[in-house]
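A short write-up of the structure that comes next.
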Amino acid sequence: MRKNHFSVANAAIDPVSVAAQRFAVKLRGTRLKVVLSDSLPRLQELSTSPCFTGALQSPVTLGQHGEMSLCVHTARIYQFAQWGDPSVSVLDCRYHTWREAPSFPVKLLTRHATVVDKKIYVAGRYQHGNSLSNLSYVLDTETQIWDPLPPVPCTADNNDVFGTACIDGKFHAVASSGLDAAYNSKQVKWDRLRSEMGKYVYGNSYCVIGNVLCSACRGNFRWYDYEAHVWRDLNGLVGLPELSHEHEIRLADYGGNMVVFWKQYLHSMTKIWCAEVSLERRRQSCEIWGKVEWLDHVLTLPVKADLIKVLALTV
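Just so we're aligned, residue 204 is where the sequence shown starts under this note's numbering, counting upward by one.
Now the structure itself:
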């Protein structure tokens with residue numbers, strides 16, 4: 204039986220610019236880095252809400268790798284380049300300093316990273332000649348050594364790994380065609396799964412909260428029922444506006460609560476909105492209900508910007 208832990212957390216917020224055209228928003232205690240892309244190397248004024256107050260800080264530059272995969276271990280952001288670039292960079296958010304981590308052992312076309320038990324698991328597409336396969340490696344954050352994992356079982360031309368997650372202490376690689384795999388580190392093997400998990404695991408619009416996979420794909424909030432192997436609607440959410448894929452909804456686990464970020468274009472401006480949602484599991488009815496604890500506009504940019512990803516750090 205899977206354990207699901209939902210709790211409430213309150214904090215104050217202050218923004219930090221992250222960027223070569225990117226920005227971040229930081230919370231006290233647990234910090235949320237909100238990565239955006241636009242043409243300005245600065246962060247605009249951050250408005251206040253009942254839970255959030257703000258103060259500008261110095262910008263921090265993200266590496267120039269174009270498309271990239273980002274994941275967090277404690278107070279460090281690991282940045283993995285894509286399209287055959289094996290470089291790995293690490294940003295220490297306590298001191299705003301960069302260092303280079305050991306390069307990825309092979310050149311992958313795409314890389315998706317997830318942290319499990321102080322180790323960073325990465326899966327992605329590998330091309331050898333005209334053949335394609337899915338490979339996976341694990342980085343020990345203490346020894347800084349990469350080790351290969353057994354071949355990912357969902358390997359075929361039409362089964363590209365396009366998402367990863369940590370569920371039940373296992374590294375899940377989500378592939379197309381309803382074929383997923385979970386890596387069992389104790390048995391050193393992959394368990395092949397046939398599920399609908401990948402149906403709504405899209406881009407950065409999903410995250411695991413309290414051991415439950417949640418998604419806001421196309422503006423619809425859902426959670427994945429592992430026992431029934433189906434996606435179910437997340438009930439409640441009274442107060443959230445009607446959203447679509449155009450709002451670039453991004454989710455993150457904030458102390459057991461779900462934080463929801465989305466963008467709103469107004470003429471030549473971009474407004475960033477945030478809501479904190481507490482979750483309640485009702486086992487008798489097999490439902491999860493969300494209650495909007497607060498919702499507010501937290502940032503305005505004087506240009507059009509893209510909302511890339513939300514990262515939760517512990518400092």
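Built from N, CA and C at the ideal position, the CB exists for glycine as well.
Kindly indicate which residue of the options has the alpha-carbon position closest to the one of residue i.
{"i": "Gly-401", "options": "Arg-485, Gly-493, Asp-363", "result": "Asp-363"}
{"i": "Thr-346", "options": "Val-309, Val-275, Ala-368, Ala-304", "result": "Ala-304"}
{"i": "Arg-397", "options": "His-432, Asp-343, Asp-428, Ile-475", "result": "His-432"}
{"i": "Met-528", "options": "Thr-300, Arg-302, Thr-313", "result": "This structure does not reach residue 528, given that the chain is present from 204 up to 518, and the question cannot be answered."}
{"i": "Trp-465", "options": "Tyr-457, Lys-474, Gly-459, Gly-458", "result": "Lys-474"}
{"i": "Val-513", "options": "Ser-488, Met-461, Gln-487", "result": "Met-461"}
{"i": "His-470", "options": "Pro-505, Cys-369, Arg-425", "result": "Pro-505"}
{"i": "Val-501", "options": "Asp-394, Cys-477, Gly-327", "result": "Cys-477"}
{"i": "Lys-392", "options": "Ser-336, Pro-356, Ala-368", "result": "Pro-356"}
{"i": "Ala-455", "options": "Pro-354, Asp-394, Ile-511, Ala-384", "result": "Ile-511"}
{"i": "Gly-406", "options": "Ser-388, Glu-449, Pro-444", "result": "Glu-449"}
Determine the direct distance from the alpha carbon of residue j to that of residue i, and round the result to whole angstroms.
{"i": "Asn-423", "j": "Tyr-340", "result": "33 Å"}
{"i": "Val-275", "j": "Glu-430", "result": "28 Å"}
{"i": "Glu-496", "j": "Ile-348", "result": "42 Å"}
{"i": "Asp-499", "j": "Trp-286", "result": "37 Å"}
{"i": "Lys-229", "j": "Gln-467", "result": "Unreliable positioning characterises Lys-229 in this predicted model, as indicated by a pLDDT of 43, which lies under 50. A coordinate reading is not provided."}
{"i": "Arg-297", "j": "Ser-488", "result": "43 Å"}
{"i": "Leu-311", "j": "Val-325", "result": "10 Å"}
{"i": "Tyr-427", "j": "Trp-301", "result": "36 Å"}
{"i": "His-299", "j": "Arg-435", "result": "40 Å"}
{"i": "Val-309", "j": "Ser-379", "result": "23 Å"}
{"i": "Ser-408", "j": "Arg-453", "result": "5 Å"}
{"i": "Ala-316", "j": "Gln-390", "result": "21 Å"}
{"i": "Pro-289", "j": "Phe-307", "result": "5 Å"}
{"i": "Pro-444", "j": "Asp-350", "result": "45 Å"}
For residue i, which residues of its own chain have a beta-carbon under 6 Å away from its beta-carbon, when the five flanking residues on both sides are left out?
{"i": "Arg-279", "result": "Val-293, Asp-295"}
{"i": "Val-148", "result": "Not covered by the structure: residue 148. The range shown for the chain is 204 to 518."}
{"i": "Ser-481", "result": "Val-211, Asn-460, Lys-494, Glu-496"}
{"i": "Asp-343", "result": "Lys-322"}
I'd like to check one pair, residue j with residue i: are the Cβ atoms closer than 8 Å?
{"i": "Glu-483", "j": "Ile-491", "result": "yes"}
{"i": "Gly-372", "j": "Val-415", "result": "no"}
{"i": "Val-463", "j": "Ala-419", "result": "yes"}
{"i": "Lys-236", "j": "Leu-437", "result": "no"}
Answer with buried or exposed for residue i, where buried requires no fewer than 16 other C-beta atoms within 10 angstroms of its C-beta.
{"i": "Glu-451", "result": "buried"}
{"i": "Val-238", "result": "buried"}
{"i": "Asp-282", "result": "The question names Asp, yet the displayed sequence has Gln at residue 282. Buried."}
{"i": "Gly-442", "result": "exposed"}
{"i": "Ser-447", "result": "exposed"}
{"i": "Arg-486", "result": "exposed"}
{"i": "His-331", "result": "exposed"}
{"i": "Asn-333", "result": "exposed"}
{"i": "Arg-328", "result": "buried"}
Near residue i, what residues of its chain come up, given a Cβ to Cβ distance below 7 Å and the 5 sequence neighbours on each side ignored?
{"i": "Leu-352", "result": "Ser-339, Tyr-340, Val-341, Tyr-386"}
{"i": "Ile-370", "result": "Val-411, Asn-414, Leu-416"}
Can you name, in chain order, every residue of its own chain whose Cβ lies under 8 Å from the Cβ of residue i, other than the five neighbours on each side?
{"i": "Ala-384", "result": "Val-355, Pro-356, Cys-357, His-375, Ala-376, Ala-378, Trp-393, Asp-394, Arg-395, Leu-396"}
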